[in-house]
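Here's the structure, in structure tokens; my notes come after.
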Amino acid sequence: MKVLEVIKNRRSIRKYTNQEPDSDIIKNVLHAGNWAPSAGNHQPWEFIVVKGEVKSGISQEFYNFAKDYIPKAAYIPEDQKARMLEYSKDFGGAPIQIIVSYPNLEDNEKKEEALKASCAAIQNILLQATQNGLGTVWVDGNITHSKKVKELIGLSNDRSIAGIIPIGYPDSNPPAPPRQDSELNEKVKWLGF
Numbered sequence: 029m030k031v032l033e034v035i036k037n038r039r040s041i042r043k044y045t046n047q048e049p050d051s052d053i054i055k056n057v058l059h060a061g062n063w064a065p066s067a068g069n070h071q072p073w074e075f076i077v078v079k080g081e082v083k084s085g086i087s088q089e090f091y092n093f094a095k096d097y098i099p100k101a102a103y104i105p106e107d108q109k110a111r112m113l114e115y116s117k118d119f120g121g122a123p124i125q126i127i128v129s130y131p132n133l134e135d136n137e138k139k140e141e142a143l144k145a146s147c148a149a150i151q152n153i154l155l156q157a158t159q160n161g162l163g164t165v166w167v168d169g170n171i172t173h174s175k176k177v178k179e180l181i182g183l184s185n186d187r188s189i190a191g192i193i194p195i196g197y198p199d200s201n202p203p204a205p206p207r208q209d210s211e212l213n214e215k216v217k218w219l220g221f
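Residue numbering for the sequence shown follows my numbering, starting at 29 and increasing by one per position.
Okay, structure coming up:
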């Protein structure tokens, strides 16, 4: 596939088959992440690949948060809450999770640069996974700040989590959601043209 085709075909997958991708495919995806751009070429990201008990522990922590949060979240449509709770039990059955971390630097500007670079690495991972026929979803929010998750993966206090990426073979591939301002009439400002 060409790059734009991969970008347009990437979906946030929330239900996976039980087939586990082999380690060579996961390494290929991680190599793509490692080629992300970074300020000063610092390459601040680290990738932690988990399955088994560690994956189950992260999933349990995610569910513990979601079961209290989702029912009360006014912005989530009522007809989606049950499905979201089911997904939160085990990230839709994804057999592997990739956690992307970055350094907690004292200099806020450098810390922000490290986070941005790690997010670029996440995007590369998502796109290469799509190219390889895998499904992913970028999970962030409260779960990425969990002390329990950091403990489960052995992450030191001098690092933070940019995102958790459940990864596996998609059970189905949902249609593309509509793009806001798909003609770019309002999202782009041209100056000096």
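For glycine and all other residues, C-beta sits at the position ideal for the given N, C-alpha and C.
* Rounded distance between the beta-carbons of ALA145 and HIS59, thought under 8 Å -> So it is not a contact: roughly 16 Å between Cβ atoms.
* Determine which residues share a DSSP beta bridge with ILE126 and list them. => VAL77, ILE193
* Cα-Cα separation, LEU180 to GLY163 -> 24 Å
* Asked: Comparing alpha-carbon positions, which option in GLU137, VAL78, LYS176, GLY85 lies nearest VAL128?
  -> VAL78
* ARG187 by DSSP, collapsed to three states: which one? -> strand
* With burial defined as no fewer than 16 other Cβ atoms inside 10 Å of the residue's Cβ, what is the status of ALA67: buried or exposed? -> exposed
* To do: Consult DSSP for SER40 and reduce its assignment to one of helix, strand or coil.
  => strand
* Asked: Which residue comes first and which comes last in the alpha helix (DSSP H) that contains LYS215?
  -> Note, LYS215: premise wrong, no alpha helix (DSSP H); not H, not E.
* Asked: Between the stretch 133-140 and the stretch 108-122, do three or more beta carbon pairs fall short of 8 Å?
  -> no
* Determine the burial state of ALA204: buried for a count of at least 16 other Cβ atoms within 10 Å of its Cβ, exposed for fewer. => exposed
* Cβ pair count under 8 Å reaching 3, the stretch 119-127 against the stretch 190-209 -> yes
* **alpha helix (DSSP H) runs wholly inside the stretch 141-185, at least 4 long, in chain order** => 175-180
* Asked: When we look at the beta-carbon of ASN201 and count the other beta-carbons within 10 Å, is it buried (16 or more) or exposed?
  -> exposed
* To do: Tell me whether the beta-carbon of ASP168 lies closer than 8 Å to the beta-carbon of LYS43.
  => no
* Could you name the residues that DSSP lists as bridge partners for PRO49? => BP columns for PRO49 are empty, so no partner.
* Asked: With C-beta atoms as the reference, is SER174 less than 8 Å away from GLU89?
  -> yes
* How would you call TRP73, buried or exposed, if buried means at least 16 neighbouring beta carbons within 10 angstroms? -> buried
* Asked: Around the C-beta of ILE104, are 16 or more other C-beta atoms found within 10 angstroms, so that it is buried, or is it exposed?
  -> exposed
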